[in-house]
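Residue numbers (the numbering used here): -5 to 715.
Structure (structure tokens):
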């Protein structure tokens, strides 16, 4: 949740939260707000919940002692307007600002008239007469749209309310405050608090929305409009009342993983913005305690969040760290446990270790592009002494590059094989670990590859969270760089009743990947021995070995061992982030051909009875050759799926060589000769080098390079890995 767009900062990702470096100026007061009708029972609940023994609430206490609702509202609203003890960063006093971007101004103007977008789902809808129906889902009603429950869920995050507040600070136009007041009142009227977890379609109270809006969007709007003459006393009491509802709801109804971080972030914020409630201290204590526990519970020993999603790694971190800011603003750091921050440093190291040459996180499970500048800009706020974090944050101008290039994260099951930290480096990621505890993709033993800084073998990240064939394909084995058997995709099971102890979801100890890294090569090996298809068929097991011959060659060996005597159809899929490809009819190799860009050669080495085909932008008879993107237009972008297919009985072996090419470099392969043993091949290059490659035996890949002068070049002995 909180899906992020392409290459933007944290504030823009979650919402336009912070107005920085703005020039403040005075603004004359406008006319007083019209009287708003109170909800007597809701207002009474607020006054009954307040700690009226607090000296600063003496006037409120006196009025409420008489059960004078109007006077109580007047006194409490006046107190909130003059209160300085609660801080919300630079937005605290709602001071005027001098600038707003045209895009944000447009969103504010649209929102003031009821034209809004459901979060980051790219569809704007104009509500009749500007009156928002908070249970309406535009993707169900607009022709040509695919059903996406996130539109309505994220509508209830009110990401446009901070836009209204920003426009108000710049223009002083009360139309923005009036729109906020009207929308707040309409939401309260339409969306009473439930007495249960309501994480279902069309809910306005999904627990993460409850946490997100109370922690992020609503405080920005509250402080932005607090002193607006368009905000009546009753409005402010109603706002406090809905925070009371939210806090009690989140205190009782909370879940786990990234959801929990958002829920508890909201709860802590509620107890901070309204410390006058008798329950506020307990809310903050409970939230801070739960989040402190989650700094330990949510992360593996290698730093990976247990969902194993590079998208949600940072969603959890942002919310775990958000309360540090809120506590600092309000001198409440003592409420956070000792060591709260230190335990999260490893989670940033994990991201540093995975960082790709183009300075983004690779897409693992549901994910989207997270740029290094965003990730480590935040990391340096909390861990300023880490030179590697400074290096990524500054675009390599400060600090220093990490010392280690290739590595294996033995709890996440991720092997990274890179030539260096240059932006034109070669890079391969090999996934051998569990599915993760959420946002899963069925891509066991999948690989992704960057050739001289360009992403070539890719994962799309799963696409938008819609109900469509595209979403189903994007999270399945079919869309990944994996093996398909008899047309069936992987179907590892998950024990949602006890995920923490399910090895398919969370590693129960170090993963043995037979990892070895030397100055000459990196090697890793993984096994997939679980089901395929809805019926959990187990026709065969797959062992995938990956060898990186530094600095420029990757070799993948797939040893397939059937579990019966029947003939099966085995298909290795390679998803290429280009449509410019050509297959050589003699060698069966594929070379990409994008001018002025790095390219890739894919060489099948054991071609006996091997069928080599490719497809781009295909929908029938099956989807092939697409990059399915998340919350972007267009969502589906043509790519290429390369298929290496072989059918037969008995054990089968697929052996594939990947050769990254620099921009302008031609295909260097002139000949491929398959060995008589069925496990080896010799590749001859245009510069007269040759490379003998063998995957004989149970595990490992052997390589011997012969140089043009006949001398021996790089060597990897069969028994070494």
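We put the beta carbon where it would ideally sit given N, CA and C, even for glycine.
Keep in mind it's a predicted model, so treat the numbers as computed, not measured.
Taking a contact to mean a Cβ-Cβ separation below 7 angstroms, would you say residue i touches residue j in this structure?
i           : j           : result
residue 301 : residue 503 : no
residue 499 : residue 556 : no
residue 200 : residue 147 : yes
residue 536 : residue 548 : no
residue 208 : residue 240 : yes
residue 335 : residue 376 : yes
residue 369 : residue 345 : yes
residue 159 : residue 218 : yes
residue 683 : residue 543 : no
residue 636 : residue 568 : yes
residue 586 : residue 632 : no
residue 361 : residue 298 : no
residue 91  : residue 163 : yes
residue 263 : residue 320 : yes
residue 290 : residue 351 : no
Nearest by alpha-carbon distance to residue i: which of the options is it?
i           : options            : result
residue 634 : 647, 625, 644, 619 : 619
residue 435 : 453, 450, 469      : 469
residue 412 : 192, 400, 418      : 400
residue 593 : 604, 655, 43, 437  : 655
residue 694 : 310, 553, 599      : 553
residue 194 : 142, 665, 403      : 142
residue 486 : 639, 155, 438      : 438
residue 666 : 359, 385, 595, 236 : 595
residue 711 : 406, 661, 472, 686 : 686
residue 471 : 630, 441, 84       : 441
residue 447 : 111, 76, 419, 53   : 419
residue 422 : 294, 546, 575, 137 : 546
residue 342 : 511, 359, 387      : 387
residue 116 : 279, 168, 173, 457 : 457
residue 644 : 77, 560, 532, 203  : 560
residue 202 : 692, 251, 518      : 251
residue 273 : 629, 78, 514, 42   : 42
residue 279 : 326, 39, 525       : 326
residue 234 : 73, 508, 286       : 73
residue 156 : 129, 189, 210, 185 : 210
residue 172 : 679, 638, 106      : 106
residue 653 : 610, 598, 114      : 598
Helix, strand or coil for residue i, going by three-state DSSP, please let me know.
i           : result
residue 100 : helix
residue 350 : coil
residue 481 : coil
residue 25  : Caution applies to residue 25, whose pLDDT of 41 falls short of 50 and renders its modelled position unreliable; the value that the coordinates give is listed next. Correct three-state label for residue 25: coil.
residue 630 : strand
residue 41  : helix
residue 410 : strand
residue 708 : strand
residue 666 : strand
residue 229 : helix
residue 653 : strand
residue 205 : helix
residue 426 : coil
Tell me whether residue i, by its Cβ, gets closer than 6 angstroms to a heavy atom of the ligand ATP.
i           : result
residue 503 : Questions concerning the ligand ATP fall outside what the structure shown contains, since it holds no ligand whatsoever.
Which whole-angstrom value describes the C-beta separation of residue i and residue j, a residue pair presumed to lie in contact below a C-beta threshold of 8 angstroms?
i           : j           : result
residue 270 : residue 48  : 6 angstroms
residue 541 : residue 663 : Not a contact, Cβ separation roughly 18 angstroms.
residue 426 : residue 520 : 3 angstroms
residue 180 : residue 125 : 7 angstroms
residue 583 : residue 640 : The Cβ separation is near 16 angstroms, so there is no contact.
residue 649 : residue 600 : 5 angstroms
residue 728 : residue 70  : No statement about residue 728 is possible, as the shown extent of the chain runs from -5 to 715 and does not include it.
Just mark residue i as buried or exposed, buried being the case when its beta carbon has 16 or more other beta carbons within 10 Å.
i           : result
residue 705 : exposed
residue 580 : exposed
residue 23  : Reliability fails at residue 23, whose pLDDT of 34 lies under 50, so the model's placement of it is uncertain and no value is given.
residue 671 : exposed
residue 539 : buried
residue 328 : exposed
residue 120 : exposed
residue 702 : exposed
residue 494 : exposed
residue 322 : exposed
residue 18  : Reliability of the predicted coordinates at residue 18 is poor, the pLDDT of 27 falling under 50, and no value is obtained from them.
residue 205 : buried
residue 111 : buried
residue 229 : buried
residue 255 : buried
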